[in-house]
Each structure stands twice: as structure tokens, then as C-alpha cells.
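Below is one structure, written out as C-alpha cells; the observations come after it.
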Amino acid sequence: MRKSASGPGPRWRPTTGPLGRLTAIWLAVVSVLSFGIVVAPTPAQAAPPDGWNNRHLDEITLLGSHNGFANDSDGVFGAGRNQSFSLSDQLNQLNVRATELDIYGTANGVWTYHTTTWTGGGKRLRQHLYTIKDFLDRNRNEVFVLTLQDNTTPEQLRDEFASVPGLTDLALNPWEWNVRYQGWPKVSDMVDRNKRLLMLSGKNDKGHLNVHHMREWTIQNHYNDGIGVCTDRKGDGISTQLGAPGQGETFNGFSNTNARGFQKLFFANNFSARNYNDFHWSARACEGKTEGRMPNMISTDWIGYGGNRSAEQFVNAANRSVSWTMGSLCIDVEGGRTGNGTPVQIWGCNWSNSQAWRRVPVDGVGFELRALGQCLDVAGGNAVRGNKIQIYGCNGTMSQRWVHEGNSGNRLRNLVTNMCIDLPNRNGTPGVDLQLWDCDGSVGQRFDWNLA
């Protein structure tokens, strides 16, 4: 009987210095005076999950703060607020790894503010950029996504960037990485080349500043109208292909040009009222419109308000694993080995990296299933009963392309063979290798995805 790989790695818990504690206490006092129930955040986690660096940027999920600047500490008061804690505390205490900033160009620099027209208040953009750069400088294995609701000229933003030395050196250029055809880089590649900051804008005139048009690179799903609802927020950073003729209201047809979109899921979250199940159910509601793909960024309001860490918990679960289950059994890479041809077996669900499968859309129909940096594969692409199901280096061939047919008993069907992943003789003994077989709707072919 074969052994599965070990479980997930350590949680993130950086230490908090005296200044950070005093800042958190001061924020808590201010928030209590305003609302009476906000508490200081507890420290974030100390290290990413095992296998994090081997995942591509579109295979991870980041916690994002909607209007991360819009809080008392950063100079936005009253009804304009969306967050309880400063952007610095969001990054250093609440595990936020993406944020959205509303920016306005003036004769006196670029400022952040939450209104349709800048009328004073808020902080200079460069102060927030210093916060982000300082975080990345102190945390060399981290990546960050900055999204700008942009009311600036290229010249204004260029000058603001110039006031933060070294910021643009960190910027990732998707065109240089040939993302449209080769996919997003691995986290390890971004770390090795120190290109750990992806910057996106609602405008398309700043590519030369390494601030790239959201509509070119993101697919945004908007959740607002109730738990489990998945609706389209048109005109707000959604890739242009979503409005293309014939696509109707689907979020991402994953055509040749948008298959590599960085997917965002926005949760309206008034005073952090949402719980873990709300995030989970809404992600599941979007499954049919996103080819089952997990969001790359969960953007939400009031992160950490009242001690609520549900958004962070959901993101942590999404990054630990999305497993394919048959009852209490999961599809598992034998022994957690990464070599080409390693068999795939059934094993008790333990939410380890050998069971953490990410669905990655491909051009046309279907998706790849990736674990441990490799793809789920039919050996030789041969349509033979009993053929081996294995992992192999992702190569874009049809033997690695799958569809999940929920209306046909939750089966996983391979597109080149038109056959299904099957548990031989319905034998649920841990360690039994999975095989390829005619799709017959039996219980030995019923797999569904679940979060830890």
C-alpha cells in the first residue's frame, strides 16, 4: 500500500514589534470610539504553504483589500471608509497581499481619496507605495498585486513613482513574460528575478510605466446581491472579451486572448459581516462561469473588523488545497513525488500538496489539473481501458485536458480519449491507482471538488 505525502506546512506568524503593537492599540481605540467593537488584528502567518513557490501566479489566491487606503489611519473618514486598519497593518498583520487604490492627479502630486472627485484629504500615493515597497523589501519571498482606480495622467503617475526609488524595479511586465501564450510565471521565477509586484490600472495609457490595463489581464467576478450569487460587474476591470458578441453573460469564455486572465472575485462585506461559508458558497456559485477556477484574488471590505478573519481563512483554505473527492477519499499523487509518470491514486483526504489540484483554463474547451507543478495526464494519450493516470510535465497536449461533467455524475472526462477517471472495481482501499475507463456513470467515477 502506497503512502501519501505529508500534510500542509506551517502557518504564517511574523513577530510584531513594539511600534506595531502601539499602532494596533491606537487603531483599536479609534475604532472603538467610532463603532465600539473593532479590535486590533492578531499577527499574520510566518511562511506560505508548502509548494507555494512552485505554483504559477494564476494558481494561487491572494487576499485583497477593497479600497485598502480608505480607513481612519490613512486619512479617510466617515462614509468614505472601506477598511478598519491602515494599509500597513493590512499587509503586516492581516495577510493582505493585494489592494485597490483610488488615485487622483493634482498639481501637488497624486493622492488617494474615496470619491468621484478629489477634494482633499487622504494620503499621497507615494506614502502607500513606500508601504508596499517596504513590505516587499522585508519579505523577499512575497508577491503583491496593486490595482489602481486611476484618475491620473501618465506624467503624474511617472513623477509619483520616481519619488519612490526602486519601486518600478519590482514591477512585473506580463508582455515580457509572454503570459498570453506561456502563462503566468511561477512565484519562484518572480522571486528569483525580483519581479514581485503586478500593477494594474483602469486606464490603458501606462503600460510604459509597467502599469498594465486591467481589461487586458483580469477577469473580475462581482458578488454583491446575496450569498451564492455570481454576477458580472461590467465596466470595472473585466477583460474586454467578456462583452464580445456571442458570449452573453458568461464571465470568461477563455478564448485565445483571455485564457490567462488573472481572476478577481469581489465580495461586498459591510463591516465584515460575511463568514467562511459565505465566501465558499459564492466561489462555488461561480464555478460554472469560471470553468471551476478558484479566484486569484479575493477582494473584500473591512478585513479584520471585530476580529473577523473569515476572508483570510477562506484564502488560506484555497491555497492549502482544492481536492477532488469521492466521499472521504481524494485523488492523490503517489508519495508526493514530482517525477514524470508518477501514478495517481486514491487516498484518504489529508489536504496535503499531493491532493491540491488547481484547475487552470486552456484555450478552447476544458482545463488542466495541476498539482506539485505537474499536470494530470493520460499515459501516452492512449484511449485504452485500464490505461494509467499519472502526472507529467505540463505540455499543452490534449492528454492533459479535462472537463468536469456535474450533470453526468460528477465525472472527470479526458478530451483526447473521451474516457473517464475511474476507480478500478470501485475499490476504495487507499493506495489503489486510478485508471482510464469508459464513462459509465458508476460511483467509481464520481468526483467533486472541495476545500480543506
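Numbering (UniProt numbering), first residue to last: 1 to 452. Using N, Cα and C, we set each Cβ at its ideal position, and we do this for glycine too.
Point to revise | 8 Å Cβ cutoff met for residue 325 and residue 414 | key: Position 325 of the sequence shown, counted from the first residue, corresponds to residue 325. Position 414 of the sequence shown, counted from the first residue, corresponds to residue 414. Cβ distance not < 8 Å, so residue 325 and residue 414 don't count as in contact.
Practice item. Would you kindly work out how many angstroms separate the C-alpha atoms of residue 274 and residue 63, rounded to a whole number? Key: The residue labelled residue 274 in the question sits at position 274 within the sequence shown. The residue labelled residue 63 in the question sits at position 63 within the sequence shown. If I take the Cα positions, the gap works out to 14 Å.
Check your understanding: Does DSSP put residue 356 in a helix, a strand or coil?
Key -> Counting from 1 along the sequence shown, the entry for residue 356 is found at position 356. Three-state DSSP puts residue 356 in coil, outside helix and strand.
Check your understanding: Who are the Cβ neighbours of residue 170 in its own chain at under 8 Å, not counting the five residues just before and after it?
Key -> Residue mapping note: residue 170 aligns to position 170 of the sequence shown, counting from 1. Here the set comprises 133, 136, 194, 195, 196 and 197.
Check your understanding: When the Cα atoms are used, what is the spatial distance from residue 334 to residue 401?
Key -> The residue you call residue 334 lines up with position 334 of the sequence shown. The residue you call residue 401 lines up with position 401 of the sequence shown. Between the alpha carbons of residue 334 and residue 401 lies a gap of roughly 21 Å.
Review point. By how many angstroms is the C-alpha of residue 71 removed from the C-alpha of residue 152?
Key: Translated into positions along the sequence shown, residue 152 becomes position 152. Translated into positions along the sequence shown, residue 71 becomes position 71. Their backbone Cα atoms lie some 22 Å apart in a straight line.
Check your understanding: Is the region 162-176 in contact with the region 204-211, if contact means three or more CB pairs nearer than 8 Å?
Key -> yes
Practice item. Give the single residue among 417, 404, 177 and 339 whose Cα lies nearest to the Cα of residue 398. Key: In the sequence shown, counting from the first residue as 1, residue 398 sits at position 398. Among 417, 404, 177 and 339, the Cα nearest to that of residue 398 is on 417.
Exercise for review: Kindly list the residues whose CB is nearer than 6 Å to the CB of residue 313, restricted to its own chain and excluding five residues on each side of it in sequence; keep chain order.
Suggested key: The sequence position of residue 313 within the sequence shown is 313, counting from 1. Closer than 6 Å at the Cβ level, and outside the excluded window around residue 313, lie 276.
Practice item. Taking residue 90 and residue 303 to be in contact with their CB atoms under 8 Å, please state how far apart those CB atoms are, rounded to whole angstroms. Key: On the sequence shown, position 90 is the one that residue 90 refers to. On the sequence shown, position 303 is the one that residue 303 refers to. Right, their Cβ atoms sit about 6 Å apart.
Review point. Secondary structure at residue 447, three-state DSSP: helix, strand or coil?
Key: The count along the sequence shown starts at 1 and reaches residue 447 at position 447. Residue 447 falls in the coil class under three-state DSSP.
Review point. Roughly how many whole angstroms lie between the Cα atoms of residue 247 and residue 263?
Key: Sequence index remark: in the sequence shown, residue 247 carries index 247 (1-based). Sequence index remark: in the sequence shown, residue 263 carries index 263 (1-based). The pLDDT assigned to residue 247 is 31, lower than 50, so where the model puts this residue is not dependable; a value taken from the coordinates is nonetheless given after this. Straight-line Cα distance between these residues: approximately 17 Å.
Review point. Since residue 60 contacts residue 319 with CB under 8 Å, what's their CB separation in whole angstroms?
Key: Taking the sequence shown and counting its residues from 1, the one referred to as residue 60 is at position 60. Taking the sequence shown and counting its residues from 1, the one referred to as residue 319 is at position 319. Under the criterion of beta carbons closer than 8 Å, residue 60 and residue 319 qualify as touching, at roughly 6 Å.
Review point. What's the C-alpha gap between residue 74 and residue 434?
Key: Against the sequence shown, residue 74 aligns to sequence position 74. Against the sequence shown, residue 434 aligns to sequence position 434. So the alpha carbons of these two residues sit roughly 54 Å apart.
Review point. What residue range is occupied by the uninterrupted beta strand (DSSP E) comprising residue 132?
Key: In the sequence shown, the residue the question calls residue 132 occupies position 132. Looking at the DSSP string, residue 132 is not in any beta strand (DSSP E); the run it does join, the alpha helix (DSSP H), is 125-138.
Point to revise | Contact the region 109-128 vs the region 149-164: 3+ CB pairs below 8 Å | key: yes
Review point. For residue 445, which residues of its own chain have a beta-carbon under 6 Å away from its beta-carbon, when the five flanking residues on both sides are left out?
Key: Locating residue 445 in the sequence shown gives position 445, counting from the first residue. The residues are 411, 420 and 422.
Point to revise | Proximity below 8 Å, CB of residue 96 to CB of residue 65 | key: On the sequence shown, position 96 is the one that residue 96 refers to. On the sequence shown, position 65 is the one that residue 65 refers to. Cβ atoms of residue 96 and residue 65: closer than 8 Å.
Practice item. Alpha carbon to alpha carbon, how far is residue 183 from residue 436? Give it in angstroms, no decimals. Key: Numbered from its first residue, the sequence shown carries residue 436 at position 436. Numbered from its first residue, the sequence shown carries residue 183 at position 183. Distance between the alpha carbons of residue 436 and residue 183: 28 Å.
**Study point:** Same chain only: Cβ atoms within 6 Å of residue 122, ignoring 5 sequence neighbours per side
**Key:** As a first step, residue 122 is located in the sequence shown; it is residue number 122 there, counting from the start. Hits under 6 Å: 75, 76, 111, 112 and 113.
Practice item. Report the partner residues of residue 390 according to the DSSP bridge assignment. Key: Walking along the sequence shown from the start, residue 390 turns up at place 390. For residue 390, which the question treats as bridged, DSSP gives the partners 343 and 377.
Review point. Cα separation between residue 359 and residue 267?
Key: Counting from one through the sequence shown, the residue named residue 359 turns up at place 359. Counting from one through the sequence shown, the residue named residue 267 turns up at place 267. So the alpha carbons of these two residues sit roughly 22 Å apart.
Practice item. Could you have a look at residue 189 and say whether DSSP puts it in helix, strand or coil? Key: Against the sequence shown, residue 189 aligns to sequence position 189. Reduced to three states, the DSSP call for residue 189 is helix.
Point to revise | With 16 other Cβ atoms within 10 Å as the buried cut-off, status of residue 272 | key: Taking the first residue of the sequence shown as position 1, residue 272 is located at position 272. Answer is buried; the Cβ neighbour count reaches 16.
Practice item. Could you tell me which residues DSSP puts in a beta bridge with residue 109? Key: For the purposes of this step, residue 109 is taken as residue 109 along the sequence shown, with counting starting at 1. Its beta-bridge partners are 106.
Point to revise | Which of helix, strand or coil DSSP assigns to residue 202 | key: Sequence index remark: in the sequence shown, residue 202 carries index 202 (1-based). Note: residue 202 maps to coil in three-state DSSP.
Review point. If you run the structure through DSSP and keep just helix, strand and coil, what is residue 250?
Key: For this step, residue 250 is matched to residue 250 along the sequence shown. Residue confidence for residue 250 is low, a pLDDT of 29 falling below 50, so the modelled location carries little weight and cannot support an answer.
Point to revise | N-terminal and C-terminal residue of the beta strand (DSSP E) that residue 422 is part of | key: Mapped onto the sequence shown, residue 422 falls at position 422. Here the beta strand (DSSP E) through residue 422 covers 420-422.
Check your understanding: How far does the beta strand (DSSP E) with residue 400 in it reach, from first residue to last?
Key -> Within the sequence shown, residue 400 is the residue found at index 400, counting from 1. Boundaries for residue 400: no beta strand (DSSP E) harbours it, and the DSSP string shows neither H nor E there.
Exercise for review: Check residue 182 in the structure and name its three-state DSSP category.
Suggested key: Translated into the one-based positions of the sequence shown, residue 182 becomes position 182. Helix, per DSSP.
Check your understanding: In chain order, which continuous runs of the alpha helix (DSSP H) of length 4 or greater are located wholly inside the region 305-342?
Key -> 310-320
Practice item. Since I believe residue 294 is in contact with residue 98 (beta carbons under 8 Å), could you give me their beta-carbon distance rounded to a whole number of angstroms? Key: The count along the sequence shown starts at 1 and reaches residue 98 at position 98. The count along the sequence shown starts at 1 and reaches residue 294 at position 294. Contact doesn't hold; Cβ gap of about 15 Å is too wide.
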